[in-house]
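> Protein chains in written order, with our numbering: chain Z, 99 to 349; chain X, 162 to 803; chain G, 916 to 1135. Each residue gets a CB set at the ideal place from its N, CA and C atoms; glycine is no exception. Please read through the structure below; I'll follow up with questions.
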Amino acid sequence: MKLNLRIWRQKDAAAEGAIETFELDGVSPDMSFLEMLDILNEKLVGEGTDPVAFDHDCREGVCGSCGAVVNGQVHGPDTETTLCQLHMRRFRDGDTVQIEPWRSRAFPVIRDLVVDRTAFDRIQQAGGYVSVDTGSAPDANILPVPKPDAERAFDYAECIGCGGCVAACPNGAAMLFTAAKVAHLATLPQGKVERDARVLAMVTQMDEEGFGACTNHYECTAACPKGVPIDAIATMNREYLRATFLSKEGV
Amino acid sequence: MSTQNPILDSKCPTGDIETRWDRHRFDMKQVNPANKRKFHIIIVGTGLAGGSAAATLAELGYKVTSLCIQDSPRRAHSIAAQGGINAAKNYPNDGDSIYRLFYDTVKGGDFRARESNVYRLAQVSNNIIDQATAQGVPFAREYGGHLDNRSFGGAQVSRTFYARGATGQQLLLGAYAAMSRQIQLGKIDMRPRREMLDVVKVDGVARGVICRNMVTGEYERYAGDAVLLCTGGYGNVFYLSTNAKASNVTASWRAHKRGAYFANPCYTQIHPTCIPVSGDHQSKLTLMSESLRNDGRVWVPKKAGDSRAINDIPEEERDYYLERRYPAFGNLVPRDVASRASKERCDAGFGVGPGGKSVYLDFAEAIQRDGEDTVRAKYGNLFHMYEKITDENPYERPMRIYPAVHYTMGGLWVDYNLESTVPGLFVLGEANFSDHGANRLGASALMQGLSDGYFVIPYTVCGHLAGRNLQPVSTSDEAFAEAEASVRERTDALLAVNGSRTVDSFHRELGLTMWDHCGMARNKDGLQQAIDKIGSLREEFWNDVRVLGSNEEFNQSLEKAGRVADFLEFAETFAMDALDRSESCGGHFREESQTEEGEALRDDDNYCYAAAWEYQGPDGKAALHKEDLNFEYVKLAQRSYK
Amino acid sequence: MLRWIDRFANSSIGRKALMAVTGLLLIGFLLAHVAGNLTLYADQDGSAFNAYVESISALPILPLAEAGLALLFLVHIYLAVRTTLENRKARPVAYQATGTHGQKTLASTGMFVSGVVILGFLIKHLLDFRLRKAEFDEAPHESIVEAFQHMPTVAIYVVGCTALGFHLFHAIQSAAQTLGFNHPKYTPAILWFGRIFGIVLALLFASFPLVYMVKNGGTH
Chain Z
99 MKLNLRIWRQ KDAAAEGAIE TFELDGVSPD MSFLEMLDIL NEKLVGEGTD
149 PVAFDHDCRE GVCGSCGAVV NGQVHGPDTE TTLCQLHMRR FRDGDTVQIE
199 PWRSRAFPVI RDLVVDRTAF DRIQQAGGYV SVDTGSAPDA NILPVPKPDA
249 ERAFDYAECI GCGGCVAACP NGAAMLFTAA KVAHLATLPQ GKVERDARVL
299 AMVTQMDEEG FGACTNHYEC TAACPKGVPI DAIATMNREY LRATFLSKEG
349 V
Chain X
162 MSTQNPILDS KCPTGDIETR WDRHRFDMKQ VNPANKRKFH IIIVGTGLAG
212 GSAAATLAEL GYKVTSLCIQ DSPRRAHSIA AQGGINAAKN YPNDGDSIYR
262 LFYDTVKGGD FRARESNVYR LAQVSNNIID QATAQGVPFA REYGGHLDNR
312 SFGGAQVSRT FYARGATGQQ LLLGAYAAMS RQIQLGKIDM RPRREMLDVV
362 KVDGVARGVI CRNMVTGEYE RYAGDAVLLC TGGYGNVFYL STNAKASNVT
412 ASWRAHKRGA YFANPCYTQI HPTCIPVSGD HQSKLTLMSE SLRNDGRVWV
462 PKKAGDSRAI NDIPEEERDY YLERRYPAFG NLVPRDVASR ASKERCDAGF
512 GVGPGGKSVY LDFAEAIQRD GEDTVRAKYG NLFHMYEKIT DENPYERPMR
562 IYPAVHYTMG GLWVDYNLES TVPGLFVLGE ANFSDHGANR LGASALMQGL
612 SDGYFVIPYT VCGHLAGRNL QPVSTSDEAF AEAEASVRER TDALLAVNGS
662 RTVDSFHREL GLTMWDHCGM ARNKDGLQQA IDKIGSLREE FWNDVRVLGS
712 NEEFNQSLEK AGRVADFLEF AETFAMDALD RSESCGGHFR EESQTEEGEA
762 LRDDDNYCYA AAWEYQGPDG KAALHKEDLN FEYVKLAQRS YK
Chain G
916 MLRWIDRFAN SSIGRKALMA VTGLLLIGFL LAHVAGNLTL YADQDGSAFN
966 AYVESISALP ILPLAEAGLA LLFLVHIYLA VRTTLENRKA RPVAYQATGT
1016 HGQKTLASTG MFVSGVVILG FLIKHLLDFR LRKAEFDEAP HESIVEAFQH
1066 MPTVAIYVVG CTALGFHLFH AIQSAAQTLG FNHPKYTPAI LWFGRIFGIV
1116 LALLFASFPL VYMVKNGGTH
């Protein structure tokens, strides 16, 4: 099939960007969205035009590298799907497909569809861990964890850090990402020791990065390729209130 | 090629295997706690091996610089491992032990791994589970709240810990979290979007690396007291593999060119249950957990070229070839055996699907026996993934599967200390060669990566730091300037070709050659052809590749070009190794060496060694060094799954 | 010493929590307000309503309550304006194509707009009654009858109440989520309760001007 692609092009962070239009023929419905971009790039290189830059790596939906807003939808029209798992059979011959990078003050564009998501790493560094040095762990079965808690913790921990939640949020908030980590560790006994310091530090960092504030649209969870549940955010809010009013942290 | 070269010293301790690691640790020199901060360790790669090493060494007090090719250390390809991680905890009380895990791993590796290394791996496996659990890794649990285990890859005991189908992700995020803590404490200097392009040696010792900043194109010099390569496997030499797109051989290959021997490059694991290729546009292959073979039955039509619809093929005209050939193990034979059997059927014209390049994996019987809901509960996510990619519903019709390149057992040669033949250059995880022999067992890759990073390197790096009198180095030293100049020259050369073919077109062509001649079955003529073809393709690449843009920008074509250029050199060594090893073992099947029934036939008299290749310059053929493998505990025996 | 309070009040979550709490307290006020207004339907001549107004006016803490109420409004409005402005800054370059995965609603995206409309209506409402307190207290029911004879006034009240309905449609479950209450057993109930509550409350408030306009429409 033939597509009319409208893609955001931007040379680097400092440059002005704009939408450019490309016609692409010979798109097979069995291609993944990124493979469609691959053949576009092959064509562009042949024509002497700089190929479209986009982040990608595992191409099986778990590394969290890829992502773009396709016709206004984060990771495209499917639910619980990363861009690399989206297939062209979701499009029709002659369709116009608009492709834009994640938009957030905290995610500056590096080039074309590639954005800088190191803000997420800094949020994690602020407290998204259990402080346990290698070698100091007790036997793994010493602390039983109720199966439903372990399952729930996994639901949160499954976050791939793609940034789709920020891109989908009308406020550009990073609540679902931050909450996924906070809720994961707050649900497990191993994470409870540092829960108060953790949530205070991570939320402070999240705010400093310039993300927006949550107003409960729930677009994040709908766009999330892993379907991280929205109650993660409620859990983080609860943890934050608890840490603020009931703990001795952050006096 | 010469076989006169000295036999390599693995520095393995001798004597009672159960105490080897303890004694070795005791014998090693220690670095005083107050002195640790004076040593600077450079770690390339942030997967399970690199991430766990960076966190642990920083915790110990070393100054660590960590470099990764992705935009965040959390994205390394360890993240894609699905199935699980082995450990000899024996929680299920079903007879597992450190010795049994050791035994199974040596045997599963088809007797081409080092006993000492494998025993140590089995010993520390339990500590890994403890560490990961304490980090908050959400492993699957029983209703009583204790950790759950499953049987995996045909193992006789249940020793695999797992976190749904995302065990690699969860373990990696555990290591990443531990790293994050050290970054916050200022003990790890984390540099993402950096590609390592050279190792810098000063007085023969690895003292630094040259990286390209992938955002600005700047070349950066990093100097330190030890360099750890944790840069993964080279399966992408086949172009199509289950590896991530950025997985490459460049770091290993550049280290190889600086004197690190490359061991057993031909040992490739080809995983039987992958989604088949659907067209020329295909950019990567997707693996589905081999747990599917617990309930799925593999078959092809009995009639070659049978083009009837599945339902029109009556039961008696279906060939359940794994059950037929291997009655004892049936559909649960090890990966290498299952992969070769599908290839054999497809090559003989019995394959199904487009081009006859796939076989059926049928769940009809399981659905009839246990009900669709039970099957959905066990494999729902895999079925969903399959349907998303193929647009076929596996509840209604059999899946189509075909083997795909998945893991590489070969890698840079390392001794018992994980140190390569370049002093001060250590190699961890999939990038080294040591623990899996010629075939890796399911759920052992995660174990090895974390074992190397959390529990081996923190001890063995001391031997280097405390045992050698390391003089201070600076990035302004001549060796750094020389290395940077050579890297710069290579990049400039790539940009200067300005030919007519894209980088990907060369990579695809190389992959096809590798798959045809160095894939699941290899023979002398084919390998010779491959070597010739690789040479001519390399020449064409340097005459006709087209890389747009400049070095001083974010340039993904340039990155790819550098990697493919290295694959084109490495592939030849790969093929030479496969040619040299005129026996079948594990993932390496030489058609000349098979039993009457077509099974792999090892030749222990002539090939019971690890082949370590030494780089001899651009025009010289690599030189072969051998490390003899001795089996004192596990008796050499031919594997049989009949 | 009060660093933790400062940190809380300036954090994204703290501000949202304060908005939720002030919002819920304002809902409490609305409930009291609508309960009082319902006395208008108790009889035909408005004597129940007059008695109610008289009893309220006689309360000694009334000035304090009014001051508190004003403070709630001001804090709620201040936080809303600040959050809205900061959220706009969080996405300096807008998307050119618009789309959704189907979770946001007109009510959720329109919170600021509905809030502004409510504020406009509130000012009109205060001008109509509170700022003419002496007049109103003299003959409460007649003031009502008088006010709702004017079509434009009724229209403004209906628009204001509609905006209130929109606002509350999203507000109640949003406040619960913000305050950390999300539970698989209760959240669906809170969601639907909140939505129905918002609509019912808005209908009730809107009914007063409409009923009075219809009832007394012919006399003027």
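Roughly how many angstroms lie between the CA atoms of residue 235/X and residue 706/X, to the nearest whole one?
In a straight line, the C-alpha of residue 235/X is about 33 Å away from that of residue 706/X.
> Using C-beta distances below 7 Å, list every residue in its chain close to residue 370/X, excluding the 5 sequence neighbours before and after it, in chain order.
Correct list, in chain order: 203, 205, 357, 359, 360, 361, 383, 388.
> Starting from the beta carbon of residue 518/X, find every residue of chain Z whose beta carbon is closer than 7 Å, and list them in chain order.
What residue 518/X touches in chain Z: nothing, since even the nearest Cβ is about 14 Å away.
> Below 8 Å on the Cβ atoms is my contact criterion, and I expect residue 324/X with residue 301/X to pass it. Report the Cβ-Cβ distance as a whole number of Å.
Right, the Cβ-Cβ distance comes to about 6 Å (below 8 Å), so this counts as a contact.
> Anything in the stretch 166–177 of chain Z with a Cβ closer than 9 Å to a Cβ of chain X? List those residues in chain order, please.
Listed by position along the chain: 176.
> If I follow the unbroken beta strand (DSSP E) through residue 435/X, where does it start and stop?
Where residue 435/X is concerned, the enclosing beta strand (DSSP E) stretches over 429–435.
> Since I believe residue 500/X is in contact with residue 559/X (beta carbons under 8 Å), could you give me their beta-carbon distance rounded to a whole number of angstroms?
Contact doesn't hold; Cβ gap of about 18 Å is too wide.
> When you compare the CB positions of residue 442/X and residue 202/Z, do they come within less than 8 Å of one another, or not?
No. Outside cutoff.
> Considering only C-alpha positions, which residue in the set 1125/G, 951/G, 1021/G, 1088/G is nearest to residue 1055/G?
Among 1125/G, 951/G, 1021/G, 1088/G, the Cα nearest to that of residue 1055/G is on 951/G.
> To the nearest angstrom, report how far apart residue 309/X and residue 200/Z are at their CA atoms.
One C-alpha to the other measures close to 39 Å.
> Say yes only if the C-beta of residue 248/Z is nearer than 7 Å to one or more non-hydrogen atoms of the ligand MN, and no if none qualify.
The ligand MN is absent from the structure shown, which contains no ligands of any kind.
> Excluding sequence positions up to five away, which residues of its chain have a Cβ less than 7 Å from the Cβ of residue 512/X?
The residues are 461, 506, 518, 519, 520.
> Check the C-beta distance from residue 608/X over to residue 286/X and give it rounded, since I have them as a contact under 8 Å.
Contact holds; Cβ gap of about 5 Å.
> Counting only Cβ pairs nearer than 8 Å, list the residues of chain X close to residue 229/Z.
Those within 8 Å of residue 229/Z in chain X are 342.
> At a CB-CB cut-off below 7 Å, which residues of chain Z make contact with residue 1101/G?
Chain Z residues near residue 1101/G: none, gap ~11 Å exceeds 7 Å.
> Roughly how far, in whole angstroms, is the beta-carbon of residue 428/X from the beta-carbon of residue 297/X, given that I think they are within contact range, below 8 Å?
The pair is not a contact, with the Cβ atoms about 35 Å apart (cut-off 8 Å).
> Look at the alpha carbon of residue 326/X and the alpha carbon of residue 326/Z, and state the distance between them as a whole number of angstroms.
Their Cα atoms are separated by approximately 16 Å.
> Taking only beta-carbon atoms, is residue 161/Z less than 8 Å away from chain X?
Closer than 8 Å: yes.
> Measure the Cβ-Cβ separation of residue 333/Z and residue 300/Z and say whether it is below 8 Å.
No; because the gap between Cβ atoms is not below 8 Å, this pair is not in contact.
> What does the alpha-carbon distance come out to for the pair residue 741/X and residue 587/X?
So the alpha carbons of these two residues sit roughly 26 Å apart.
> Would you say residue 110/Z reaches chain G, if we count a Cβ-Cβ gap shorter than 8 Å as a contact?
Chain G, which has no Cβ nearer than 8 Å to the Cβ of residue 110/Z, makes this no.
> Would you say residue 146/X and residue 275/X are within 8 Å of each other, going by their C-beta atoms?
Given a span of 162 to 803 for chain X in the structure shown, any question on residue 146/X remains unanswerable.
> For residue 301/Z, decide whether its Cβ has a neighbour in chain G, counting only Cβ atoms nearer than 8 Å.
Closer than 8 Å to some Cβ of chain G, the Cβ of residue 301/Z qualifies, so yes.
> Per DSSP, what kind of secondary structure is residue 321/X in: helix, strand or coil?
Reduced to three states, the DSSP call for residue 321/X is strand.
> Would you tell me roughly how many angstroms separate the C-alpha atoms of residue 967/G and residue 974/G, rounded to the nearest one?
Rounded to whole angstroms, residue 967/G to residue 974/G spans 11 Å at the Cα level.
> Can you check whether the C-beta of residue 714/X is within less than 8 Å of a C-beta belonging to chain Z?
Closer than 8 Å to some Cβ of chain Z, the Cβ of residue 714/X qualifies, so yes.
> Taking only beta-carbon atoms, is residue 1094/G less than 8 Å away from chain Z?
At least one chain Z Cβ lies under 8 Å of residue 1094/G.
> Which of helix, strand or coil does DSSP assign to residue 773/X?
Here residue 773/X sits in strand by DSSP.
> With a 10 Å radius around its C-beta and 16 neighbouring C-beta atoms as the bar for buried, classify residue 129/Z as buried or exposed.
By the 10 Å Cβ count, residue 129/Z comes out buried.
> Do you know whose CA, among 922/G, 1017/G, 996/G, lies nearest residue 1028/G's CA?
Checking every option, the nearest Cα to that of residue 1028/G belongs to 996/G.
> Under 8 Å by Cβ, that's how I've got residue 391/X and residue 211/X pegged, so tell me the actual separation to the nearest angstrom.
About 3 Å separates the two Cβ atoms, so the contact holds.
> Using a cut-off of 9 Å between C-beta atoms, extract the partners of residue 1107/G located in chain Z.
Those do not exist, as residue 1107/G stays about 15 Å from chain Z at its closest Cβ, beyond 9 Å.
> Under 8 Å, Cβ to Cβ, is there at least one residue of chain G near residue 349/Z?
Closer than 8 Å to some Cβ of chain G, the Cβ of residue 349/Z qualifies, so yes.
> Taking 8 Å as the CB-CB cut-off, is residue 362/X touching chain Z?
No, because no Cβ of chain Z sits closer than 8 Å to the Cβ of residue 362/X.
> If distances are taken between C-alpha atoms only, which option among 200/X, 216/X, 576/X comes closest to residue 207/X?
The shortest Cα separation from residue 207/X among 200/X, 216/X, 576/X belongs to 216/X.
> List the endpoints of the continuous alpha helix (DSSP H) containing residue 102/Z.
Here residue 102/Z belongs to no alpha helix (DSSP H); instead the beta strand (DSSP E) covers 101–107.
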